[in-house]
Amino acid sequence: MIPAASSAEIDLAIDSAVQRISDRAARLGDGFCVLGEAIARAASGGKRLRPTLVVASFHAFAGDEARLPTVYRVAAAFELLHTAFVVHDDVIDHDLIRRGIPNVGGEFRLRALTAGASPGGAATLGDAAGILAGDLLLHEAGRLIATSDTTSRAREALFGLLDDAVFVSAAGELADVENAVVPDLAEDAALIAAARDKTAVYSFSAPLQAGAVLAGADDAAIAALGDAGARIGLAFQLVDDLIGAFGTADQAGKEEGGDLREAKRTPLIAFARQTAAWSRVNDALAVAHTGPIAIREAQEALEASGARTRLRELIDDTLAGAGKHSAARELPVAARMLLQDLCVRIQERIP
1216 MIPAASSAEI
1226 DLAIDSAVQR
1236 ISDRAARLGD
1246 GFCVLGEAIA
1256 RAASGGKRLR
1266 PTLVVASFHA
1276 FAGDEARLPT
1286 VYRVAAAFEL
1296 LHTAFVVHDD
1306 VIDHDLIRRG
1316 IPNVGGEFRL
1326 RALTAGASPG
1336 GAATLGDAAG
1346 ILAGDLLLHE
1356 AGRLIATSDT
1366 TSRAREALFG
1376 LLDDAVFVSA
1386 AGELADVENA
1396 VVPDLAEDAA
1406 LIAAARDKTA
1416 VYSFSAPLQA
1426 GAVLAGADDA
1436 AIAALGDAGA
1446 RIGLAFQLVD
1456 DLIGAFGTAD
1466 QAGKEEGGDL
1476 REAKRTPLIA
1486 FARQTAAWSR
1496 VNDALAVAHT
1506 GPIAIREAQE
1516 ALEASGARTR
1526 LRELIDDTLA
1536 GAGKHSAARE
1546 LPVAARMLLQ
1556 DLCVRIQERI
1566 P
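One rule links them: number in my numbering = place in the sequence shown (from 1) + 1215.
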């Protein structure tokens, strides 16, 4: 999607921003120094989809390559925004492991227990560390944009994109949690809206639009990117829901069937609730946390209910809509090709 040299420059921009956090934290006490190190680990690795989209969009709109240092800086901001959301999401979900090692909260729980804290005290410290780490990452994302070397008009537009990404994602996360804890609260449309809001804006629409802003694209093209990105982002999240239920451990980045084990209420489960097979599905989900055999039974029940097929159809329809918006006449050919390539890549992720 972008040259290897650009990927390396993105990594350097992210590393520089994270190093600034670590350096400042090191001067503010031992605990805060450890927090800075934990933030650096949280921000390392990953697919770095969002910064890649910023740079790819900039190139698709034939941006001036002399502006690339600023583009990489803004791209790093979107990766730190993503990391902030991931760290906060782990706190919300009470997760202590990320990519096979303790996450920020998990690391500080272990630190507290080692120092003699009670389990309750360790949990409090772990949650506090996760919240504060996410806050620092959010701050750094905003600072990168605020101090970027660009015009005041472009900077204002970038802040507008960041503002929208934060607000919409927060709304989606809250709705997702509320739907999970309040029985029968949401209709299918609300569950799908929550899935879209959690991911689509900050992961697709905003990064794509940010690259176009930095390239000097006009308002019509930026709006067209937002429309296409929203649909691509929804499809991406719906595929993630399928992966969480049916994907391999490698695809999901955690144990197979993790969403079933955690009893997450996703559009897939909502579709199953509408079928005559719901009783069997519900019974299987109730024991899915007990192990691989129970996970397999839940998968088979969902498959038999037709819910998996319905979600596949929704993904196909969403990608078809994204494809139509990708062909908008306001977009240059290279931007259309970029969006179409994203649709193909998402289609290829479907388990």
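Cβ coordinates follow ideal geometry from the N, Cα and C atoms, glycine included.
Treat the numbers as computed from the prediction; the structure is a model and nothing was measured.
Between residue i and residue j, which are expected to be in contact by the criterion C-beta below 8 Å, what is the C-beta distance as a whole number of angstroms?
i, j, result
"Ala1253", "Ala1348", "6 Å"
"Ala1405", "Asn1394", "7 Å"
"Leu1475", "Ala1503", "4 Å"
"Glu1470", "Ala1464", "6 Å"
"Ala1275", "Ala1549", "4 Å"
"Phe1273", "Gly1426", "4 Å"
"Ala1450", "Leu1325", "Between Leu1325 and Ala1450 the Cβ distance is about 38 Å, and since that is not below 8 Å, they are no contact."
"Leu1546", "Ala1436", "6 Å"
"Arg1564", "Ile1458", "7 Å"
"Gly1431", "Gly1278", "7 Å"
"Arg1511", "Phe1461", "That belief does not hold up - the Cβ atoms of Arg1511 and Phe1461 are roughly 11 Å apart, past 8 Å."
Let me make sure I understand the geometry here. Which of the options has the alpha-carbon closest to that of residue i?
i, options, result
"Ala1240", "Glu1563, Ser1418, Ala1421 and Ala1344", "Ala1344"
"Thr1362", "Glu1388, Ala1408 and Ala1232", "Ala1232"
"Leu1389", "Ile1508, Ala1503, His1303 and Leu1376", "His1303"
"Arg1235", "Ser1221, Ala1255, Asp1226 and Arg1368", "Ala1255"
"Pro1266", "Ala1257, Phe1273, Ser1259 and Phe1293", "Phe1293"
"Arg1488", "Leu1517, Gly1473 and Ala1356", "Leu1517"
"Leu1352", "Ala1439, Asp1433 and Ser1237", "Ser1237"
"Lys1262", "Phe1276, Leu1500, Ala1550 and Ser1418", "Ser1418"
"Gly1357", "Leu1534, Leu1373 and Cys1248", "Leu1373"
"Asp1281", "Val1249, Asp1364, Ile1510 and Ala1327", "A small fix is needed here, since residue 1281 is Ala in this sequence, not Asp. Closest by alpha carbon: Asp1364."
"Asp1434", "Arg1446, Phe1461 and Leu1376", "Leu1376"
"Ala1467", "Leu1359, Gly1260 and Pro1566", "Pro1566"
"Phe1300", "Glu1355, Ala1223 and Asp1226", "Glu1355"
"Met1216", "Gly1521, Thr1505 and Leu1557", "Leu1557"
"Gly1536", "Ala1445, Ile1360 and Val1396", "Ala1445"
"Asp1350", "Thr1285, Val1319, Ile1561 and Arg1560", "Val1319"
"Asp1532", "Pro1218, Ala1337, Ile1561 and Asn1497", "Ile1561"
"Gly1315", "Gly1260, Ser1367, Ala1519 and Ile1484", "Gly1260"
Per DSSP, what kind of secondary structure is residue i in: helix, strand or coil?
i, result
"Glu1545", "coil"
"Ile1217", "coil"
"Ser1494", "helix"
"Ala1432", "coil"
"Ser1222", "helix"
"Ser1363", "coil"
"Pro1507", "helix"
"Phe1293", "helix"
"Gly1538", "helix"
"Leu1268", "helix"
"Phe1276", "coil"
"Ala1499", "helix"
"Val1397", "coil"
"Leu1243", "coil"
"Gly1260", "coil"
"Ile1407", "helix"
"Pro1566", "coil"
"Gly1521", "coil"
Suppose the cutoff is 6 Å on Cβ atoms and the five residues either side in sequence are ignored; what does the same chain contact list for residue i look like?
i, result
"Leu1554", "Ala1443 and Ser1541"
"Gly1387", "Ala1409, Asp1412 and Lys1413"
"Ala1513", "Leu1475, Ala1499, Leu1500 and Ala1503"
"Ser1221", "Val1270"
"Leu1268", "Pro1422 and Leu1423"
"Ala1200", "As displayed, the chain neither begins before 1216 nor continues past 1566, which places residue 1200 out of reach and without an answer."
"Arg1495", "Ala1516"
"Gly1441", "Ser1420 and Gln1424"
"Phe1247", "Ala1240"
"Asp1323", "Here the sequence assigns Phe to residue 1323, which means Asp is not the residue at that position. Excluding positions up to five away in sequence, the list reads Leu1340, Gly1341 and Ala1344."
"Glu1224", "Tyr1287"
CB-CB under 7 Å to residue i, same chain, minus the five flanking residues each way: which ones, in chain order?
i, result
"Ala1228", "Tyr1287, Arg1288, Ala1290 and Ala1291"
"Gly1321", "Leu1311, Ile1312 and Gly1341"
"Asp1379", "Val1416 and Ala1421"
"Thr1298", "Ala1257, Ala1258 and Leu1352"
"Val1383", "Asp1412 and Val1416"
"Gly1521", "Thr1490"
Which same chain residues, not among the five before or five after residue i, have their C-beta less than 8 Å away from its C-beta?
i, result
"Pro1482", "Asp1403, Leu1406, Ile1407, Ala1410, Leu1453, Asp1456, Leu1526 and Leu1529"
"Ile1307", "Glu1388 and Val1392"
"Arg1551", "Ser1541, Ala1542 and Ala1543"
"Ala1332", "Leu1340"
"Val1381", "Leu1296, Leu1353 and Tyr1417"
"Pro1334", "Leu1328"
"Gly1251", "Ile1236, Ser1237, Asp1238, Arg1239, Ala1240 and Ala1241"
"Ala1439", "His1540, Ala1543, Glu1545 and Leu1546"
"Ala1509", "Ala1499, Val1502 and Ala1503"
Ignoring anything shorter than 4 residues or poking outside the region 1306 to 1354, list the alpha helix (DSSP H) runs there in chain order. 1319 to 1329
Worksheet entry | 4 or more residues per run - each alpha helix (DSSP H) lying fully within the region 1448 to 1491 | 1464 to 1467, 1473 to 1476 and 1482 to 1488
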